[in-house]
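Here this note's numbering is used: the first residue of the sequence shown is 6, the next is one more, and so on.
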Amino acid sequence: MDGKLKLYGFNNLTKALSFNIYDICYAKSAREQRDYIKYIDEQYNSDRLTKILSQVTDMIGARILNIAKQDYDPQGASVTMLIAEEAAVVSGSKKPVNAKEPVPETILAHLDKSHVTVHTYPEFHPDTSIATFRVDIDVATCGEITPLQTLDYLISQFDSDIITMDYRVRGFTRDLQGRKLFVDSKMTSIQEFIKQETLDEYDAVDINLYQASLFHTRMLIKEPQLQNYLFNTDVDEIPPKTRLLISTSLRREMIEIFSGRNVY
């Protein structure tokens, strides 16, 4: 499809991207594990997550209507943003709301159908010495906005060892002749929207249901370097045999998360 589709009325297709990453770390002692969780909470607190989501919103050409954010005790953070494709309009009026003014309590219905959310889940296992940081980001939009163009940015903002992504299009819109359109852009895989140099670093698998406009991609880092997974420890301080055991343990953890099952 070349250029914008000629539609009858508003493009009310709903597009949802679920972006999920895991960052794996080896923290041997209980203190290292606590320090790792503390580091993650400081590195990915609600303020920084808000900046990331604000950039995502800017990239898809949307406008932020409202932000709700929360840091949790003992760990984790959440941010939710209500976004709109065009300037908010006061209910019953055609006058756009000035960006510097408070957003009105009531707005046109189609403006409150889009949102961006992020939740973090840091945890560690006391027996295996492996700590895992998980991030879930959901971008739901309507109209001409598509969240797929933000994938490279999202991947770059986190240490992503395993990535899973789901993209789905729901509803329908109509062209000028009244013909129903169930998708407004041609695509065969989520991978089409990720830079090749990024894809080269991962093993990627697709599971797609084209008739249902449902796309799934999962990615696993190809060549992890042990030093990148040690928290407050230098790899040269570890005996070669122990390095191998740690590397094997980390890789098994990644494979099981990537596979979604207890392989070992």
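Backbone N, C-alpha and C define an ideal beta-carbon position, used for all residues, glycine too.
The beta-carbon distance between residue 143 and residue 23, rounded to whole angstroms, is 5 Å. This is short enough to meet the 8 Å contact definition. Residue 89 is positioned such that its CB atom lies closer than 8 Å to that of residue 67. A straight line joining the alpha-carbon of residue 261 with that of residue 255 spans about 10 Å. In the structure shown, residue 76 adopts extended strand secondary structure according to DSSP, grouped into three states. Two segments are said to touch when three or more pairs of C-beta atoms, one from each, lie closer than 8 Å; by this definition the stretch 238-257 touches the stretch 23-36. As DSSP reads the structure, residue 170 sits in a beta bridge with 24, 222.
Cβ neighbours of residue 84 within its own chain (closer than 6 Å, five residues either side excluded): 51, 54, 55, 58, 74, 123.
Proximity to residue 223 across 21, 170, 185, 186 peaks at 170, based on C-alpha coordinates.
Beta-bridge pairing by DSSP links residue 67 to no other residue.
Ranked by Cα distance from residue 238, the options 78, 41, 132 are led by 41.
For residue 259, the enclosing alpha helix (DSSP H) starts and ends at 245-264.
Judged by their CB atoms, residue 189 and residue 203 are not nearer to each other than the 8 Å cut-off. Contact between residue 119 and residue 150 is confirmed by a C-beta separation of about 7 Å, below the 8 Å threshold.
Leaving aside the five residues that flank residue 219 on each side, the residues in its chain whose CB is nearer than 6 Å to its CB run, in chain order, 173. About 7 Å separates the beta carbon of residue 195 from that of residue 153, a gap short enough to meet the 8 Å contact definition. Taking the C-beta atoms as reference points, residue 168 is found no nearer than 8 Å to residue 259. The Cβ atoms of residue 139 and residue 27 lie closer than 8 Å to each other.
The residues 236, in chain order, have a CB closer than 8 Å to that of residue 44 in the same chain once the five nearest residues on each side in sequence are set aside. The three-state secondary structure of residue 215, taken from DSSP, is helix.
Secondary structure note for residue 87: its beta strand (DSSP E) is the uninterrupted segment 82-89.
Judged by DSSP in its simplified three-state form, residue 209 adopts strand.
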